[in-house]
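Asker:
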Amino acid sequence: MRYRVRHITEYTYGAPVSLCYNMAHLLPRDTRNQRCLHQKVQINPPPVYQNDGEDYFGNQTFYFSIQEAHKKLVIDVTTDFEISPLDVLQWQTQSSLTCGQLREQLANPNTPELRMAKEYLLDSPQIRCSEDLKAYAQSTFADDKPVLQAALAFTHKIFSEFKFDPTTTTVATPLEQVLKQRSGVCQDFAHLAIGCLRSVGIPARYMSGYLETLPPPGQEKLVGADASHAWFAVLIPELGWVEFDPTNDLMPSDQHIVTAWGRDYADVTPLQGVIFEGGGSQQLAVSVDVKRV
């Protein structure tokens, strides 16, 4: 399946910005079933400096600086790529590694993959392990439960017990509050799942990207109606990093487009940087369009 993603980010400032430096995670990366074919980045005003790079996690980045006064910044990124479906149903019958066996392997790692996975057991800027998170997940990830089946069950648990409500949280809402109020958005659900998994000794990482949304039958798809999305992945050594989407209660196959992964959202923020001047206010508008081509 071939896709084209167009992501437009627009900042409007209360007063002219004289200088800005930014780093962006807006270019989808290659994965075992995803391959980028072409990408185009347009920035207005034109930057005086721009350079592509790669972060610690292997995600594609680009840096740019603008050194002319501006009250509006527009970053327009278009990417063409192809995705091959993953046979997630076959994985569910093939994988038998239990949670207890995985914890034993992590305690005595004998491969580079297991050693590197231990960093996804540690606290990160936006995710802290806790007894409350451990209590919520402990029975699901008992020692005798297969890891993949337990992660599927936990994905369904979040989907069925939490309400999608963008009015109840912000990017700074603590996980304990999300757990208590049982509501949030995809980022909250991914962070919650990761916090719970790490609290019971299972390595998990944050996945950021896009999800193709299909319109109701008979209706045209709205341009810009797609949005950035978040889900999580769990290391199952016999399969590699396996992804789960608690917002939609499924294992991603060919409709999830991976932009970046890291310990949590702070590692893969779409755009981050510093500005000089610009008044005391700014407005952000984001439009994402995912098309099959």
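Residue numbers (the UniProt record's numbering): 1 to 293. Glycine included, each C-beta is placed from N, C-alpha and C at the ideal position. Values in this document were obtained by computation on a predicted structure and should not be read as measured data.
1. Roughly how many whole angstroms lie between the Cα atoms of residue 298 and threonine 155?
2. Relative to the C-alpha of residue 306, which candidate in Thr31, Asp264, Tyr63, Ser228 has its C-alpha closest?
3. Considering only their Cβ atoms, is the gap separating glycine 273 from tyrosine 21 smaller than 7 Å?
4. Considering only DSSP beta bridges, list what methionine 207 is partnered with.
5. Where do the ends of the alpha helix (DSSP H) carrying alanine 135 lie?
6. Tell whether a beta-carbon distance below 7 Å holds between proline 203 and tyrosine 136.
7. Figure out for me which residue from Asn51, Glu68, Val88 has the closest Cα to the Cα of aspartate 245.
8. Between the region 22-34 and the region 245-262, do three or more beta carbon pairs fall short of 8 Å?
9. Report the partner residues of isoleucine 66 according to the DSSP bridge assignment.
10. DSSP on valine 200, reduced to helix/strand/coil?
11. Could you pull out every residue in the same chain whose Cβ sits closer than 6 Å to the Cβ of phenylalanine 159, ignoring the five residues on either side in sequence?
12. Using a threshold of 6 Å, is the CB atom of methionine 1 nearer than that to any non-hydrogen atom of the ligand NAP?
13. Please confirm if the region 181-188 is in contact with the region 102-117, defined as three or more CB-CB distances below 8 Å between the two stretches.
14. Any idea if glutamate 243 is buried or exposed, counting beta-carbon neighbours within 10 angstroms, 16 or more meaning buried?
15. Using a Cβ-Cβ cutoff of less than 7 Å, which residues in the same chain neighbour lysine 157 once the five nearest sequence positions on both sides are dropped?
16. From Ala227, Trp241, Tyr49, pick the residue whose C-alpha is nearest to that of valine 288; which is it?
17. Return the chain-ordered list of same chain residues with a C-beta closer than 6 Å to the C-beta of tryptophan 241, the five sequence neighbours on each side being excluded.
18. Below 6 Å CB to CB, which residues in the same chain sit around leucine 192 once its five sequence neighbours on both sides are set aside?
19. Is there contact between the region 34-51 and the region 62-81, where contact requires at least three CB pairs shorter than 8 Å?
20. Compare the beta carbon distance of valine 200 and glutamine 138 with 7 Å and say whether it is the shorter of the two.
21. To the nearest angstrom, how far is it from the Cα of aspartate 144 to the Cα of aspartate 254?
22. From the DSSP output, which residues share a beta bridge with valine 161?
Answerer: The short version:
1. Residue coverage of the chain in this structure runs from 1 to 293, which leaves residue 298 outside it and unanswerable.
2. Outside the shown range of the chain, which is 1 to 293, sits residue 306, and nothing can be said about it.
3. Yes; because the gap between Cβ atoms is below 7 Å, this pair is in contact.
4. Trp231, Trp261.
5. Where alanine 135 is concerned, the enclosing alpha helix (DSSP H) stretches over 131-137.
6. Against a cut-off of 7 Å, the Cβ pair of tyrosine 136 and proline 203 comes out as no contact.
7. Residue Val88 is the option with its Cα nearest to aspartate 245.
8. Verdict: yes, contact present.
9. DSSP, once it has assigned bridges, lists Cys20 as partnering isoleucine 66.
10. In the structure shown, the three-state DSSP call for valine 200 is coil.
11. Contacts found: Pro246, Asp249.
12. You won't find the ligand NAP in this model; it holds no ligand whatsoever.
13. Here the region 181-188 does not lie against the region 102-117, with fewer than 3 beta-carbon pairs under 8 Å apart.
14. The residue in question, glutamate 243, is buried, as its Cβ has 16 or more Cβ neighbours within 10 Å.
15. Same-chain partners within the cutoff: Thr140.
16. Cα-wise, what sits closest to valine 288 is Ala227.
17. Cβ neighbours of tryptophan 241 beyond the five flanking positions: Ala233, Leu235.
18. Closer than 6 Å at the Cβ level, and outside the excluded window around leucine 192, lie Leu175, Val178.
19. At 8 Å Cβ cutoff, the stretches touch.
20. Taking 7 Å as the Cβ cut-off, valine 200 and glutamine 138 qualify as a contacting pair.
21. Near 31 Å, if we compare the C-alpha coordinates of aspartate 254 and aspartate 144.
22. Valine is not the amino acid found at residue 161; the sequence shown has glutamate there. Bridge partners of glutamate 161: none, in fact.
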